[in-house]
Structures are given as structure tokens and as C-alpha cells.
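*Asks:* For the sequence shown, the working numbering gives the first residue as -13, with consecutive numbering after it.
C-beta atoms are modelled at their ideal positions from N, C-alpha and C, and glycine is treated no differently.
Questions regarding the structure given below will be posed in turn.
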Amino acid sequence: GMCEADIRSSLERLLVDSPEWLDLRGHKFVCLGAGSEMGATRTLLSLGATVLAVELPGNKKAWDSLQGFARSSPGVLEAPVRDGRVGADVVEDLPEVAAWICENAGQASQRLVVGCFLYLDGANFVRVATA
């Protein structure tokens, strides 16, 4: 992204003075559309977060990439598995996806951040956005 030089300088100074702000160990995030290029999955994993990742089960390229990245990061990648296949379809399997997230969210007192990085072309985008 872009910003004014003084904003960048202030953020750099802030992060140098408070590196613990970039340590996300012990924090859980849900990434719907986890394989999205615009998503936060890889950044969160690189900062040590636990990511509950939801991506289409047939997207082998995305899953292989995510799993490889997670293995080399300090973060933890968790994903739904059904019938031996990793992944879930938010549009077709919404109740199951919601139940899986609730089961893996941790304690009720723990904050859970949900990021939606889903996209489909045309009218299908309305379906995925409302799911």
C-alpha cells in the first residue's frame, strides 16, 4: 500500500519500540477464502497466529501452498477435513463450516477475528458474500 512518508516513519518507530505487537502467538483468526492472494493467511502465519483456514476442497494448488507456507512459519494452520479431503465450501456447507469454526475457536473469552477474503465472478459473488 501507499501512505505519506511521515506516517510510514511513525509506524516504523512504533514497531521498533513495540515488537511484541507483531507477535500473534496465542491469537486465533478465521480466514474465509484462505488461499486468496489478497488474504491475510500468510501474514498471520508468519506472525505466529493460529489460522482457521477455509478454502474450497478442490483447490489443491492453494492447499499445497498454504500447508507448505505454514510448515515454514511460526504459525499454526488448521483446516476442516471431510471424507479425507481438506477444505470446505462456504456456500454449500455453511452450517458445517460454522460448526467447525465454533468447535475450533477456543474459549468463549478468547477473541476470534474473522476475515472474509472470498470472491466469485458475477452473480455467484452475491451468493458467497451473503453466506
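From this set, Leu104, Arg97, Lys46, Val112, which residue's C-alpha is nearest Met24's C-alpha?
*Replies:* For the purposes of this step, residue 24 is taken as residue 38 along the sequence shown, with counting starting at 1. Of the candidates Leu104, Arg97, Lys46, Val112, the one whose C-alpha sits nearest the C-alpha of Met24 is Leu104.
*Asks:* Based on the DSSP output, what are the partners of Ala102 in its beta bridges?
*Replies:* Here residue 102 corresponds to residue number 116 of the sequence shown, with the count starting at 1. The sequence given here has Cys at residue 102, not Ala. Bridge partners of Cys102: Leu18.
*Asks:* Put Leu42 into one of helix, strand or coil per three-state DSSP.
*Replies:* The residue you call residue 42 lines up with position 56 of the sequence shown. Leu42: coil per DSSP, three-state reduction.
*Asks:* Out of Gly92, Asp79, Gly108, Ser32, which one is the CA nearest neighbour of Leu18?
*Replies:* The residue labelled residue 18 in the question sits at position 32 within the sequence shown. Measuring from the Cα of Leu18, the nearest candidate turns out to be Asp79.
*Asks:* Near Gln96, which residues of its chain fall below 8 Å by C-beta distance, leaving aside the five closest residues on each side in sequence?
*Replies:* Within the sequence shown, the letter at position 110 stands for residue 96. These residues qualify, in order along the chain: Lys14.
*Asks:* Tell me the DSSP secondary structure of Val83 in three-state form.
*Replies:* Taking the first residue of the sequence shown as 1, we reach residue 83 at position 97. Correct three-state label for Val83: helix.
*Asks:* Is it true that the CB of Gly73 sits closer than 9 Å to the CB of Pro66?
*Replies:* Position 80 of the sequence shown holds residue 66. Position 87 of the sequence shown holds residue 73. Taking 9 Å as the Cβ cut-off, Pro66 and Gly73 qualify as a contacting pair.
*Asks:* Rounded to the nearest angstrom, how far is the Cβ of Ser32 from that of Ser59, given a contact under 8 Å?
*Replies:* On the sequence shown, position 46 is the one that residue 32 refers to. On the sequence shown, position 73 is the one that residue 59 refers to. 5 Å between Cβ atoms; contact.
*Asks:* Taking the alpha-carbon of Leu106 as reference, which of Gly61, Cys88, Asp75 has the nearest alpha-carbon?
*Replies:* Here residue 106 corresponds to residue number 120 of the sequence shown, with the count starting at 1. Answer by Cα proximity: Asp75.
*Asks:* Helix, strand or coil for Leu(-3), going by three-state DSSP, please let me know.
*Replies:* Looking up residue -3 in the sequence shown gives position 11. Looking at Leu(-3) - three-state DSSP - the assignment turns out to be helix.
*Asks:* Given Glu64, which residues of its chain have a CB within under 8 Å of its CB, disregarding the five upstream and five downstream residues?
*Replies:* Within the sequence shown, numbered from 1, the residue matching residue 64 stands at position 78. Thr36, Val37, Leu38, Ala39, Asn90, listed in sequence order.
*Asks:* Bridge partners for Val62 per DSSP, in chain order?
*Replies:* Locating residue 62 in the sequence shown gives position 76, where the first residue counts as 1. In the DSSP output, where bridge partners are listed per residue, Val62 has Thr36.
*Asks:* Using alpha carbons as the reference points, say which of Gly108, Thr29, Gly92 lies closest to Asp9.
*Replies:* Walking along the sequence shown from the start, residue 9 turns up at place 23. It is Thr29 whose Cα lies nearest to the Cα of Asp9.
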